[in-house]
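Undergrad:
There are 2 protein chains.
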Amino acid sequence: MATIKDVARRAQVSTATVSYVLNGTGVVSDTTRERVLAAVAELGYQPNYSARALRTRSHTLGVVAPGIAGRLADPATAEILAGLSEAATAAGYCLLIAAPTDSEAEGELDLRLARSGRVDGLVLFDLRVADERPAVLAEARIPAIAIGAPATGVTCPIAGFDLRAGAEQATQHLIRLGHRRIALLATSSDLSISEPFYAGYVAALHAAGLRRDATLVIEAGSSEDDGMAAMQELLAVRTPPTAVLAATDTLAFGAMHALRDSGKVVGQDVSVVGCDDLPLAAHTYPPLTTLRAPRRELGATLARHLISLIERRTVPPVTLLPVRLIVRHSTAAPRAAG
Amino acid sequence: MATIKDVARRAQVSTATVSYVLNGTGVVSDTTRERVLAAVAELGYQPNYSARALRTRSHTLGVVAPGIAGRLADPATAEILAGLSEAATAAGYCLLIAAPTDSEAEGELDLRLARSGRVDGLVLFDLRVADERPAVLAEARIPAIAIGAPATGVTCPIAGFDLRAGAEQATQHLIRLGHRRIALLATSSDLSISEPFYAGYVAALHAAGLRRDATLVIEAGSSEDDGMAAMQELLAVRTPPTAVLAATDTLAFGAMHALRDSGKVVGQDVSVVGCDDLPLAAHTYPPLTTLRAPRRELGATLARHLISLIERRTVPPVTLLPVRLIVRHSTAAPRAAG
DNA sequence: TTTAAGCGGTTAATCGGTTAAGTGGACTAT
DNA sequence: ATAGTCCACTTAACCGATTAACCGCTTAAA
């Protein structure tokens, strides 16, 4: 592999000049520039990444996500990653993905990657309510941005979806259809996003003069199976709900499965609303009414903001992308109120 | 940030000794080793990645995948990535993800990442039939492994699923149920995996004394919408199929949607078999009979093999992981043959 | 005419590690 | 007593870039 010295020799200049030409820094005459570029082309020269990174920055954004039973395997994550990756590459950065192991937990991995200079900054998935990661990274002066919702004591910028407005809008939709007993399949209350989602749900109920029924709020996990189990639980309540708002499409899919198993017709008997609008949501039976979350756009926003932080520009502390209700066929007026 | 010099000074040794201790190379007395380790701990020393990589290797595996409308956003990919990432991290490697752009195509990006030493090797997703990537990389002596099926002229190791056996098994299943007109929703014929899938389908038909009907073989794309469109096409045929084998679950989901739209009951009227066994497949209506592909395991295999190549060990040219038919409720005996 | 600034380069220090070669002292074999 | 081996380190070259400092020359400003 040709090095900068080979190029310099062939172009009869010093390595400094080659560097200046390639980086557009410094002043170089046109004829010299051309000689250098010709040498670069002839040798097929490619600057060594590690050498450059040693002097400058790594130009890499880090993502630490558990592979197993975790974020990485989630279809919604995939699209955020796609957006991240595209925006990062467009800005001259790459995306590094690492998985925590038994011997190295998420937080330690975050620190190691950043402190070893392997990444210039980190994207934190699934911000939790009392997440220590932002504080730890902030103390070490490591640029970071979290995906989620504002949580107390979080010291790094946050980007996410406006789930409060979304949940409110979705709940309103159900109320307008005539539903009065509306259940909530929430994600783990550890997650920062669970709070605004719940708040939006409650706000819509209150605005309509409805009371929240604690038995209709279930903290489900995240998988289809979790959604299914939660729905079964709801069906066993004295007066089951006529509508369900699920915090993710995946939970909604599980809920729909449980409803069908118990002989209910989704839409006719019980309405279901999801959140994410996975590509699949349009193709389930019935097609799912859901909140469309612009995941690619979130990915791109994360990349842009993180790069801004790395390059010492400022970014808004909180960026919430709007979600929009997509009405399909999993929601309808309740039977009795028909 | 502390450097190796700081550690050396504090432990009263040379930087070489520190390096020997940290890497387990060289001979160092126990007392010195302890002094060094103590200094490391006290300073919170973390070796600089770029400096190390400059002398040795990058310890990074590369994945080049188009973000938009591409591989990265696919739920099946996500799990392969999860497996890759976990196995890579466990072996001391990381995963780098980059997206091609308008100005830099996939192949160029592959080359740049490898030739700049940013990655030690590459995982090639979606091996195509006449894919030039393996040859280009082989010529540049860049370790690479492709995901797909053996294709003519491919000069790098390949790992994938045994789709030929899988498709055969799935087709057999449909034949045993009594189906005679079995359609195939194939992926793009550009992809290397389309060939074995088709071959397995045809082999099962022939073994049962059935003839392949060209009108029942449709080259669909990859999205749910593609599956839906293809199914609509099949429904318009003079004698529509009573069963459909789809090359991916995603295509199958689309096909089921089209069937429902045209008033057919999936399973009762038309059987559908998918391939992948996405987590969702168990929760659709009806739950999808499908070929389970061990995606995480494939990811882990890819990582292990690629690392072997990087470290100059040999790997089998072709590794096909077995797939297994999971029978759910989207397949049943055809109406007439009840 | 003298001074300062600008141009188009070069030299060499530097980033932070790895590792081949060398070195001094203790110990063993002859 | 002398030479040869280890042992446990150290020295210093090296990986391949970036970049501050400098240099000789020309040209414009005072």
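One line per chain: the protein sequences are U and H, in this order. At position 173 of the first sequence the residue is numbered 178 (this note's numbering), and the sequence of numbers has no breaks. At position 188 of the second sequence the residue is numbered 193 (this note's numbering), and the sequence of numbers has no breaks. No residue lacks a Cβ here, since even glycine has one placed at the ideal position from N, Cα and C.
I'd like to know if GLU84(H) contacts chain U, where contact means its C-beta is closer than 8 Å to some C-beta of that chain.
TA: Numbered from its first residue, the second sequence carries residue 84(H) at position 79. Yes, because at least one Cβ of chain U sits closer than 8 Å to the Cβ of GLU84(H).
Undergrad: Give, in chain order, every residue of the region 100 to 116 of chain U whose Cβ lies closer than 7 Å to some Cβ of chain H.
TA: Listed by position, the residues of the region 100 to 116 of chain U near chain H (Cβ gap below 7 Å) are LEU100, LEU101, ILE102, ALA103, ALA104, THR106.
Undergrad: What does the Cβ neighbour count give for MET261(U), buried or exposed, with the cut at 16 atoms within 10 Å?
TA: Looking up residue 261(U) in the first sequence gives position 256. Per the 10 Å Cβ criterion, buried.
Undergrad: Pull up the distance between the alpha-carbon of THR255(U) and that of GLY279(U), whole angstroms please.
TA: The count along the first sequence starts at 1 and reaches residue 255(U) at position 250. The count along the first sequence starts at 1 and reaches residue 279(U) at position 274. Cα-Cα distance, rounded: 8 Å.
Undergrad: Compare the C-beta of ASN53(H) against all C-beta atoms of chain U and say whether one is closer than 8 Å.
TA: Within the second sequence, the letter at position 48 stands for residue 53(H). By this cut-off, ASN53(H) is an interface position.
Undergrad: Please report the residue range of the alpha helix (DSSP H) in which ASP281(U) lies.
TA: By 1-based counting over the first sequence, the position of residue 281(U) is 276. Taken as a continuous stretch (DSSP letters only), ASP281(U) belongs to no alpha helix (DSSP H), being part of the beta strand (DSSP E) at 276 to 281.
Undergrad: Can you tell which of ILE198(H), ARG181(H), GLY205(H), LEU127(H) has the C-alpha that lies nearest to the C-alpha of ALA156(H)?
TA: Locating residue 156(H) in the second sequence gives position 151, where the first residue counts as 1. The shortest Cα separation from ALA156(H) among ILE198(H), ARG181(H), GLY205(H), LEU127(H) belongs to ILE198(H).
Undergrad: Would you kindly work out how many angstroms separate the C-alpha atoms of ALA223(U) and ALA213(U), rounded to a whole number?
TA: By one-based count along the first sequence, residue 223(U) stands at place 218. By one-based count along the first sequence, residue 213(U) stands at place 208. Ala is not the amino acid found at residue 223(U); the sequence shown has Ile there. One C-alpha to the other measures close to 21 Å.
Undergrad: Quick check on GLY205(U): does DSSP put it in helix, strand or coil?
TA: Taking the first sequence and counting its residues from 1, one reaches residue 205(U) at position 200. Three-state result, GLY205(U): helix.
Undergrad: Can you check the region 173 to 240 of chain U for any alpha helix (DSSP H) of at least 4 residues that lies completely inside it and give the ranges in chain order?
TA: Fully enclosed alpha helix (DSSP H) runs of 4 or longer: 199 to 212, 229 to 240.
Undergrad: Please go through the region 65 to 130 of chain U and give each complete alpha helix (DSSP H) segment of 4 or more residues, from N-terminal end onward.
TA: Qualifying alpha helix (DSSP H) stretches, in chain order: 80 to 95, 111 to 120.
Undergrad: Would you mind reading off the limits of the alpha helix (DSSP H) that contains ILE147(U)?
TA: To locate residue 147(U), count along the first sequence from 1; it is residue 142. Note, ILE147(U): premise wrong, no alpha helix (DSSP H); not H, not E.
Undergrad: Give the interface partners of ASP79(H) over in chain U, defined as CB-CB distance under 7 Å, in chain order.
TA: Reading the second sequence from its first residue, position 74 is the one you call residue 79(H). What ASP79(H) touches in chain U: ALA83.
Undergrad: In chain order, what residues of the region 288 to 310 of chain H put their CB closer than 9 Å to some CB of chain U?
TA: Within the region 288 to 310 of chain H, the residues whose Cβ lies closer than 9 Å to some Cβ of chain U are HIS288, THR289, TYR290, PRO291, PRO292, ARG300, ARG301, GLY304, listed in chain order.
Undergrad: If distances are taken between C-alpha atoms only, which option among VAL12(H), ALA248(H), THR106(H) comes closest to VAL270(H)?
TA: Taking the second sequence and counting its residues from 1, the one referred to as residue 270(H) is at position 265. Considering only alpha carbons, the answer is ALA248(H).
Undergrad: Just how far apart, CA to CA, sit ILE163(U) and ARG117(U)?
TA: Translated into the one-based positions of the first sequence, residue 163(U) becomes position 158. Translated into the one-based positions of the first sequence, residue 117(U) becomes position 112. Cα to Cα, ILE163(U) sits roughly 22 Å from ARG117(U).
Undergrad: Below 8 Å, can you find three or more Cβ-Cβ pairs linking the region 282 to 290 of chain H to the region 285 to 298 of chain U?
TA: The region 282 to 290 of chain H is in contact with the region 285 to 298 of chain U.
Undergrad: Grab the span of the beta strand (DSSP E) containing GLY165(U) for me, first residue to last.
TA: Counting from one through the first sequence, the residue named residue 165(U) turns up at place 160. Unbroken beta strand (DSSP E) run through GLY165(U): 163 to 166.
Undergrad: Along the region 27 to 59 of chain H, what residues have a CB closer than 7 Å to any CB found in chain U?
TA: Listed by position, the residues of the region 27 to 59 of chain H near chain U (Cβ gap below 7 Å) are GLN51, PRO52, ASN53, TYR54, SER55, ALA56, ALA58, LEU59.
Undergrad: Report the partner residues of ILE331(U) according to the DSSP bridge assignment.
TA: For the purposes of this step, residue 331(U) is identified with residue 326 of the first sequence, where counting begins at 1. Beta-bridge pairing links ILE331(U) to THR295(U).
Undergrad: Ignore the nearest five residues each way along the sequence and tell me which others in ALA92(U)'s own chain have a CB closer than 7 Å to its CB.
TA: Your numbering for residue 92(U) matches position 87 in the first sequence. The answer, listed in chain order, is GLY304, ALA305, ALA308, ARG309.
Undergrad: Determine which residues of the region 240 to 261 of chain H have a Cβ less than 9 Å from any Cβ of chain U, and write them out in chain order.
TA: Cβ contacts with chain U: THR255, PHE258, GLY259, MET261.
Undergrad: What does the alpha-carbon distance come out to for the pair PRO327(U) and PRO322(H)?
TA: Taking the first residue of the first sequence as position 1, residue 327(U) is located at position 322. Taking the first residue of the second sequence as position 1, residue 322(H) is located at position 317. So the alpha carbons of these two residues sit roughly 49 Å apart.
Undergrad: With which residues is LEU325(H) paired in a DSSP beta bridge?
TA: Along the second sequence, one-based indexing puts residue 325(H) at 320. According to DSSP, LEU325(H) bridges with GLY165(H).
Undergrad: Could you compute how far the alpha carbon of ASP282(U) sits from the alpha carbon of ALA298(U)?
TA: Residue mapping note: residue 282(U) aligns to position 277 of the first sequence, counting from 1. Residue mapping note: residue 298(U) aligns to position 293 of the first sequence, counting from 1. One C-alpha to the other measures close to 7 Å.
Undergrad: Cβ closer than 9 Å: which chain U residues qualify as neighbours of SER19(H)?
TA: Looking up residue 19(H) in the second sequence gives position 14. The premise fails here: SER19(H) is roughly 21 Å from chain U at the closest Cβ pair, so nothing lies under 9 Å.
Undergrad: Closer than 8 Å, CB to CB, is PRO148(U) near chain H or not?
TA: As a working note, residue 148(U) is residue 143 in the first sequence. No, PRO148(U) lies away from the interface with chain H (no Cβ there is under 8 Å from its Cβ).
Undergrad: For a quick check, are the C-beta atoms of LEU66(U) and ASP125(U) less than 8 Å apart?
TA: Looking up residue 66(U) in the first sequence gives position 61. Looking up residue 125(U) in the first sequence gives position 120. In this structure, ASP125(U) lies closer than 8 Å to LEU66(U) by Cβ.
Undergrad: Where ALA338(H) and ILE180(H) are concerned, what is the direct C-alpha to C-alpha distance, given to the nearest angstrom?
TA: Counted from its first residue, the second sequence places residue 338(H) at position 333. Counted from its first residue, the second sequence places residue 180(H) at position 175. One C-alpha to the other measures close to 9 Å.
Undergrad: With distances taken from CA atoms, which of ILE152(U), LEU168(U), VAL45(U), ARG120(U) is nearest ARG146(U)?
TA: Looking up residue 146(U) in the first sequence gives position 141. It is ARG120(U).
Undergrad: Could you name the residues of chain H that ARG138(U) contacts, counting a contact when the two beta carbons are closer than 7 Å?
TA: Within the first sequence, the letter at position 133 stands for residue 138(U). The contacting residues do not exist; ARG138(U) stays about 17 Å from chain H at best.
Undergrad: In the DSSP output, which residue or residues are listed as bridge partners for ARG15(U)?
TA: Here residue 15(U) corresponds to residue number 10 of the first sequence, with the count starting at 1. None, per the DSSP bridge assignment.
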